[in-house]
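Colleague: Sequential numbering from 2 applies to the sequence shown in the working numbering. Even glycine gets a Cβ: it sits at the ideal position worked out from N, Cα and C.
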Amino acid sequence: MNSIIEIAFSSVNIVLSLLVILLIIYWLFTMISGIDFDVDVDIDVDIDADVDVDVNTNLGSITNLPDIANVEINKEDIVRDQRKKLEWWQMVLIYFNFVGLPFMFTFTCWVFIWWLCTVISTSITGSYNTSFGYTLLLAGILPSLILTKIITTPFKSFFKNLNKDGDLPINLTGRKGIMLSKISGEKMGAAEVVADGNPMSIYAKSFDGKTISYRQNIVIVRQSEDKNFYWVFPYEDDETKPV
Numbered sequence: 002m003n004s005i006i007e008i009a010f011s012s013v014n015i016v017l018s019l020l021v022i023l024l025i026i027y028w029l030f031t032m033i034s035g036i037d038f039d040v041d042v043d044i045d046v047d048i049d050a051d052v053d054v055d056v057n058t059n060l061g062s063i064t065n066l067p068d069i070a071n072v073e074i075n076k077e078d079i080v081r082d083q084r085k086k087l088e089w090w091q092m093v094l095i096y097f098n099f100v101g102l103p104f105m106f107t108f109t110c111w112v113f114i115w116w117l118c119t120v121i122s123t124s125i126t127g128s129y130n131t132s133f134g135y136t137l138l139l140a141g142i143l144p145s146l147i148l149t150k151i152i153t154t155p156f157k158s159f160f161k162n163l164n165k166d167g168d169l170p171i172n173l174t175g176r177k178g179i180m181l182s183k184i185s186g187e188k189m190g191a192a193e194v195v196a197d198g199n200p201m202s203i204y205a206k207s208f209d210g211k212t213i214s215y216r217q218n219i220v221i222v223r224q225s226e227d228k229n230f231y232w233v234f235p236y237e238d239d240e241t242k243p244v
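Structure, rendered in structure tokens:
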């Protein structure tokens with residue numbers, strides 16, 4: 002036992018070991034407390050119409066914190082211009098299942114497998130405190146990514162049938178709500194809808210591209226094909242009509 006601890010917290014393995022511990026604490030805290038760390042980060046990459054990545058990874062909005070564990074980057078969100086190719090890092094994300102699955106799920110699998118590969122290889126070679134151990138640490142990145150892809154691929158069909166909160170999806174088509182941000186054209190914004198007596202935060206785009214203002218009433222037309230947002234249309238509530 003002492004030798005295992007010594008290897009895991011050796012100079013070569015300590016960074017990955019601490020990261021694994023932090024991830025375990027994160028998942029335990031999330032499961033026990035049920036607290037959602039809703040983070041909302043929109044990553045827009047648009048270089049000469051090369052690639053437009055509008056990824057609602059839910060990694061960072063302080064005002065509207067979806068669970069990091071359920072952050073999902075969808076392949077449909079990466080729009081490819083016909084004249085140019087995707088960047089190499091985008092192809093890496095897609096190929097190794099960081100796209101199409103909750104990010105923290107894939108990231109945790111990758112870190113754990115990378116840590117396991119490094120601990121085993123440095124233990125066998127006795128290099129967990131030598132410069133050669135750092136070579137094994139870096140060399141373990143690729144095989145751990147390959148193993149992550151193999152292990153996580155079967156989960157794609159499972160997560161595809163769940164919404165971002167891990168529950169069975171609720172049909173919101175035809176329901177009324179209110180915008181929490183201003184949208185127009187292809188811009189995506191936040192909206193609130195009450196379903197089964199519970200308020201739900203969703204992402205929305207204007208159905209006809211026209212501007213929908215903050216706090217304006219909306220009706221949901223349909224869900225997008227990638228299930229990432231809803232097409233909405235503004236409507237005027239009878240109670241708000243001028244007399």
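Could you say if the region 123-130 and the region 175-184 meet the contact criterion of at least three C-beta pairs nearer than 8 Å?
Modeller: no
Colleague: Within the chosen definition, does the region 204-212 reach the region 225-234 through at least 3 CB pairs nearer than 8 Å?
Modeller: yes
Colleague: In chain order, what residues of the same chain lie with their CB nearer than 8 Å to the CB of residue 116, ignoring the 5 residues before and after it?
Modeller: 14, 17, 18, 20, 21
Colleague: What residue does the beta strand (DSSP E) around residue 235 start on, and which one ends it?
Modeller: It spans 231-235 - the beta strand (DSSP E) in which residue 235 sits, taken as one unbroken run.
Colleague: Over what stretch of residues does the alpha helix (DSSP H) that includes residue 206 continue unbroken?
Modeller: It is not in any alpha helix (DSSP H) - residue 206 instead sits in the beta strand (DSSP E) that spans 199-207.
Colleague: Please work out which residues of its chain come closer than 8 Å, Cβ to Cβ, to residue 153, disregarding the five sequence neighbours upstream and downstream, and give them in chain order.
Modeller: So the qualifying residues of the chain are 98, 102, 106, 107, 110.
Colleague: To the nearest angstrom, how far is the alpha carbon of residue 215 from that of residue 197?
Modeller: 24 Å
Colleague: So what does residue 9 bridge to, in DSSP terms?
Modeller: DSSP lists no bridge partner for residue 9.
Colleague: Is the CB-CB distance between residue 5 and residue 123 below 8 Å?
Modeller: In this structure, residue 123 does not lie closer than 8 Å to residue 5 by Cβ.
Colleague: Would you tell me roughly how many angstroms separate the C-alpha atoms of residue 82 and residue 118, rounded to the nearest one?
Modeller: Here the model assigns residue 82 a pLDDT of 42, short of 50, so the residue's position is not dependable and the matter cannot be decided.
Colleague: Do you know whose CA, among 218, 186, 213, lies nearest residue 194's CA?
Modeller: Measuring from the Cα of residue 194, the nearest candidate turns out to be 218.
Colleague: Is DSSP giving residue 225 helix, strand or coil here?
Modeller: coil
Colleague: State the DSSP-derived secondary structure class of residue 177, mapped to helix, strand or coil.
Modeller: strand
Colleague: Taking the Cβ atom as the reference point for each residue, do residue 221 and residue 174 lie within a distance shorter than 8 Å?
Modeller: For residue 221 and residue 174, yes; Cβs fall inside 8 Å.
Colleague: Is it buried or exposed for residue 186, if we count other Cβ within 10 angstroms and need 16 for buried?
Modeller: exposed
Colleague: Where does residue 134 sit, in a helix, a strand or coil, going by DSSP?
Modeller: helix
Colleague: Relative to the alpha-carbon of residue 11, which residue among 172, 202, 90, 134 has its alpha-carbon at the smallest distance?
Modeller: Nearest of 172, 202, 90, 134 to residue 11, Cα basis: 134.
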